[in-house]
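J.:
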Amino acid sequence: MEAKKIIRFIWEYFKINLQSAMDYRTNFITQSSFMFINDIVWVIFWVIFFNKFPIVNTWEFKDLMIMYVIIDSSWGLTGVLFGNFMNIAETVRDGQLDFYLSLPKEELSHLLVSRSRYDAWGDLLFGIVLAIIFLPLHLYLLAILLVIISTLIVLAFAIILGSLSFYIGSSVEIAKQGIMGVLSIASYPFSVFKGYAKFILLTLIPAGFISGIPVNLIKKFSWNWFLLMILFTIILWVVALVLFKKGVKRYESGNLINIRV
Amino acid sequence: MEESIIEVKNLRKIFKTKHKEAGFLGSIKSIIRPDIREVIAVDDISFKIKKGEIVAFIGPNGAGKSTTIKMLTGILYPTSGNAVVSGLIPWNKRKKLAYNIGSIFGQKPQLWYHLPAIDTFNLFSHIYDLDQKEYKERLNYLVGLFELKEIINTPVRKLSLGQRMKCEIVASLLNKPKILFLDEPTIGLDIIAKQKIRELIKELNQKEKVTILLTSHDTQDIERLCKRIIIINHGKIVYDGDIDRLNKKYLKNKIISIKFEDPFKGIDLNGVKIISSEKYSADIEVNTEKIPIKKVIDSLIKKYNVLDITISNTPIEEVIANIYKQK
Amino acid sequence: MRKYFEIGKINFLNYINYFGEFFFKALFILLILFIFVNIWKAAYAGKAVIEGFTIAMMMWYLLFTESIVTSTSSVIKEVNKEIQGGDIVYQLNKPYHYILYHLSRALSYRAIGFVVTFSMGAILVWIMVGGFNFNLLSIPAIIIIIALALILDFFMIMSIALLAFWFEDTNSFRWVYDKFLFTIGGMLIPLEIFPKWLSNISGVLPFSFVAYYPAKMFVNFNVNELLRVIIYQIGYIFIFAVLAFTIYHFGSRRLNINGG
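Protein chains in written order, with the working numbering: chain A, 1 to 261; chain B, 1001 to 1327; chain C, 2001 to 2260.
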């Protein structure tokens, strides 16, 4: 019953966001298409680079392309469905959380779904186009599953960074930079990393789980890594929810450094 | 005796803020030895509101109004004290309470700007988990009452401020709230729109017994809608009672504005003070405890050819300002 | 002229206060350096020199370009807000030109950004790949080239930002601009790595004069090329300054006609 309500809720918001996008047509088309172009330029660049240096250790050209399928699709999906994921810190800082708190829906999910990023549509579309070109049909199901998990990781990471604003003042920039930082790193071929670097990218800065591991799983499926990825996602979500909920309690006590009365 | 729908008892809210000095050294200092100051935003207030009352809740900026309302809607925890709103403790059962209340903040619109109001209404019906059939009936009723049939399909950004406000109010009424928190509902509206909104609020209150807590800097709003007024200043309640009593208690003055045909040469009566005058007009303040209005008017008419005369109460702002000054 | 200096100075002092922000941006750069040292190590795989660059030169090159490009101020965000929010009308009344006002602010901000980023990154790069043969005598020339690069970047970004008079959100244009800087501007890799036809084209486009040429001069100073680079920089600055001022002119006229 609860799950049905939540899905209905996300769906209703998705519809209204879509309507808003249609109404705001030029903006929507400009942002999504420029992001699409953005993504093309980026991929072409790396194609040229790896043409000269076919050095991605164990990865081949097609693996790189699949990486972009994953990262662009998950980043895109996050932005399309949960468009406010980069604005959590701002919302808290500006006292906008009050609006969500005063309504009968769970405030975190409400905050996240109440916007759809237009640029993210460009990313998502690009990911799909790349998939059509480079992803063999029999791998689609696996890819979709991995994209969903990857989206969850991005979301949890964004919630963690965004929740810092409950505890530290002026952390809006840190949150934004942090999230963009993870995206950046996840846009580079994971296979070049070894040792300590690889470790960090599978823990503190989960770029490895967002784009790297999914590619490896598609190359050669391994139950160990798959379960590890799921475990990591769950742990990340627990941390994210605890941090956020505790933060809301703080917010409700009104003792935030930057609260406005 | 009717039961109260809002009951506030000894509510207190103290904020701890970090006081930081300017400059680089100040920042260092505030990390090593932070200067934490306490601000008492709400200082031991108590009041009861019965179902169906329309109560004005006013005070100067920073007096503790918003803090109190935030506590009543459950967004803020109090430092100490109790409150029960519609049978629930707001900060414990915020979500449950949210289903039963509505709020409008004049300066923070809820409607989606680029879409027709009907889309926001539909969204709200899902946010409040309304039964779709009941929702449609309720919507039709409200749209009829507020005369919005023509405009609910127009993008909100194309509506006039008055139309937008009506839509905002409808949005906050879709869930049949028991209590409505209205903050500056008529701000920025022209006179006709203001009157219409006031009428509608009054009608709704009479028909559905919606309890209304109104915050407004527009004293006409208060005078036209509310019988009871709670004035808060420096976190304390300085007045809680009838509006009429307020007038009678704090000021017995009436103001007469007159226009004459002949030049005005003053008036000499005990209890009468000339506030301002020009060649052919004057504003006169009458202390009705010292002299009845009738006597003043008779005297004026005897002395001059009066073209026009207006009698009004001391504006409520002055009444309230006097209270602020006293306390 | 003096007033712009004063504006720059006051912002300089203001921004020193925001040291924290620079610090975090610089941390991000360290991350990128870290990623690339891995990528380049794999690419070099035993080779000492690629297209005239040792791996050390390659990393110092990257540090240099990153310090220039990522020190960007929030010009686009501010301009967008000012134009969209209508605040710009208050700026129109001030006795200084809107664009030059932003220029002096941006330069002071970016000067600090460059220094902070470069200093922090230098430590990391030194640890990772050591040094290279740096020509100390080239310092005055390098400083001039950096300044010109920042000014050029500013006017290109400003031209985009001013489109806010017509477009709701200019951020997407900015992203594409950034990507061009990253790629054909030579920010991530020197143009020598590209196929000949691409490096030829990129070498004459304005983007490369913001990142590639300044960084190339830094790691491999060539006094013969110096004059050519500076002339191109000044030339492009002129073109984009005119563009920016023109857009501003038509944009503010539009504002007056429509009444904001």
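Backbone N, C-alpha and C fix where the C-beta goes; we use that ideal spot for every residue, glycine too.
#1: Between the beta-carbon of Y2212 (chain C) and the beta-carbon of G2235 (chain C), is there less than 7 Å?
#2: In chain order, what residues of the same chain have a beta carbon less than 7 Å from the beta carbon of I71 (chain A), not counting five sequence neighbours either side?
#3: Do L1173 (chain B) and L1142 (chain B) have their CB atoms nearer than 7 Å?
#4: Checking 7 Å against the spacing of the C-beta atoms, do I1045 (chain B) and I1212 (chain B) come in under that value?
#5: For R1012 (chain B), report the span of its beta strand (DSSP E) as first-last.
#6: List, in chain order, every chain A residue whose beta-carbon is nearer than 9 Å to that of V2176 (chain C).
#7: Using the C-alpha atoms, what's the distance from L103 (chain A) back to K246 (chain A)?
#8: Using only the heavy atoms of the ligand ATP, determine whether one of them is closer than 6 Å to the beta carbon of L2191 (chain C).
#9: What does DSSP give as the partner residue(s) for F1260 (chain B) in the beta ladder?
#10: Just verifying my parser: in three-state terms, what is the DSSP assignment at P2214 (chain C)?
#11: Please report the distance separating the alpha-carbon of D1221 (chain B) from that of L125 (chain A).
#12: Rounded to the nearest angstrom, what separates N2200 (chain C) and W237 (chain A) at their Cα positions?
#13: Figure out for me which residue from B:I1192, B:S1125, B:E1150, B:A1098 has the closest Cα to the Cα of F9 (chain A).
#14: Can you pull the chain B neighbours of L112 (chain A), defined as C-beta to C-beta under 9 Å?
#15: Which residues does DSSP pair with N38 (chain A) in a beta bridge?
#16: Quick one: grab the DSSP three-state call for N216 (chain A).
#17: If you reduce the DSSP assignment to three classes, tell me which class T2054 (chain C) lands in.
#18: For T266 (chain A) versus T233 (chain A), is the C-beta distance shorter than 7 Å?
#19: On the DSSP bridge list, what partners appear for F1181 (chain B)?
#20: Does the count of Cβ pairs from the segment 1089-1101 of chain B and the segment 86-99 of chain A closer than 8 Å reach three?
#21: K2179 (chain C) CB to nearest chain A CB: under 7 Å?
#22: Using beta-carbon positions only, say whether F2180 (chain C) and F2207 (chain C) come within less than 7 Å of one another.
#23: Cβ atoms of I1006 (chain B) and I1049 (chain B): under 7 Å apart, would you say?
#24: According to a CB-to-CB cut-off of less than 9 Å, which residues of the segment 62-84 of chain A neighbour chain C?
#25: Could you work out which residue in A:L164, A:K220, A:W223 is closest to V242 (chain A) when comparing CA atoms only?
#26: Is there contact here, the segment 1180-1198 of chain B with the segment 1156-1164 of chain B, by at least three beta-carbon pairs under 8 Å?
#27: Does the distance from the CB of W225 (chain A) to the CB of L217 (chain A) come in under 7 Å?
#28: Are the Cβ atoms of A2188 (chain C) and F2194 (chain C) separated by less than 7 Å?
#29: Among the candidates A:V92, A:H110, A:V43, A:I128, whose CA atom is the shortest distance from the CA of G76 (chain A)?
#30: To the nearest angstrom, how far is it from the Cα of L2162 (chain C) to the Cα of I1151 (chain B)?
#31: Can you find the residues in the same chain that come closer than 6 Å, C-beta to C-beta, to S2202 (chain C), ignoring five residues on each side of it along the sequence?
#32: Determine, using beta carbons only, whether K1252 (chain B) and T1310 (chain B) come nearer to each other than 7 Å.
#33: According to DSSP, simplified to helix, strand and coil, what is K1133 (chain B)?
#34: With burial defined as no fewer than 16 other Cβ atoms inside 10 Å of the residue's Cβ, what is the status of L204 (chain A): buried or exposed?
#35: Using a beta-carbon distance below 7 Å, is E2168 (chain C) in contact with chain A?
#36: Where do the ends of the beta strand (DSSP E) carrying E1278 (chain B) lie?
T.: Result, derived from the coordinates:
#1: Against a cut-off of 7 Å, the Cβ pair of G2235 (chain C) and Y2212 (chain C) comes out as no contact.
#2: Cβ neighbours of I71 (chain A) beyond the five flanking positions: A186, S187, I210, S211.
#3: Yes.
#4: No, the pair does not count as a contact, with Cβ atoms beyond the cut-off.
#5: Looking at the DSSP string, the run of the beta strand (DSSP E) that includes R1012 (chain B) is 1004-1019.
#6: Neighbours of V2176 (chain C) on chain A, chain order: F34, M35, I37, N38, V41.
#7: Near 19 Å, if we compare the C-alpha coordinates of L103 (chain A) and K246 (chain A).
#8: Ligands displayed in this structure: none; no statement on the ligand ATP is therefore possible.
#9: According to DSSP, F1260 (chain B) bridges with B:V1306.
#10: DSSP places P2214 (chain C) in helix when its eight states are reduced to three.
#11: Looking at the backbone, the Cα of D1221 (chain B) and that of L125 (chain A) are separated by about 52 Å.
#12: Those two C-alpha atoms are separated by around 49 Å.
#13: Minimum Cα distance to F9 (chain A) is reached at B:S1125.
#14: Correct list: empty, because the minimum Cβ distance to chain B is about 14 Å.
#15: Partner residues in a beta bridge of N38 (chain A), as assigned by DSSP, do not exist.
#16: N216 (chain A) carries a helical assignment under DSSP once its states are collapsed to helix, strand and coil.
#17: In this structure, T2054 (chain C) counts as strand in the three-state DSSP scheme.
#18: In this structure chain A extends from 1 to 261, so residue 266 (chain A) is not present and cannot be described.
#19: According to DSSP, which records beta bridges pairwise, F1181 (chain B) is partnered with B:S1103, B:L1213.
#20: Taking 8 Å as the limit for Cβ pairs, the verdict is that the segment 86-99 of chain A does not touch the segment 1089-1101 of chain B.
#21: The C-beta of K2179 (chain C) comes closer than 7 Å to at least one C-beta of chain A.
#22: Yes, the pair counts as a contact, with Cβ atoms nearer than the cut-off.
#23: Yes, the pair counts as a contact, with Cβ atoms nearer than the cut-off.
#24: With the criterion set as a beta carbon lying under 9 Å from some beta carbon of chain C, the segment 62-84 of chain A has no members that meet it.
#25: Considering only A:L164, A:K220, A:W223, the residue with the shortest C-alpha distance to V242 (chain A) is A:L164.
#26: At 8 Å Cβ cutoff, the stretches touch.
#27: Yes, the pair counts as a contact, with Cβ atoms nearer than the cut-off.
#28: Before going further, note that residue 2188 (chain C) is Leu rather than Ala in the sequence given. Against a cut-off of 7 Å, the Cβ pair of F2194 (chain C) and L2188 (chain C) comes out as no contact.
#29: It is A:I128.
#30: Distance from the CA of L2162 (chain C) to the CA of I1151 (chain B), rounded to the nearest whole angstrom, comes to 36 Å.
#31: So the list reads I2184, L2191, S2208, once near-sequence residues are dropped.
#32: No, the Cβ-Cβ distance between K1252 (chain B) and T1310 (chain B) is not below 7 Å.
#33: K1133 (chain B): helix per DSSP, three-state reduction.
#34: With fewer than 16 Cβ atoms within 10 Å of its Cβ, L204 (chain A) is classed as exposed.
#35: For E2168 (chain C), at least one C-beta of chain A is nearer than 7 Å to its own C-beta.
#36: Here the beta strand (DSSP E) through E1278 (chain B) covers 1272-1278.
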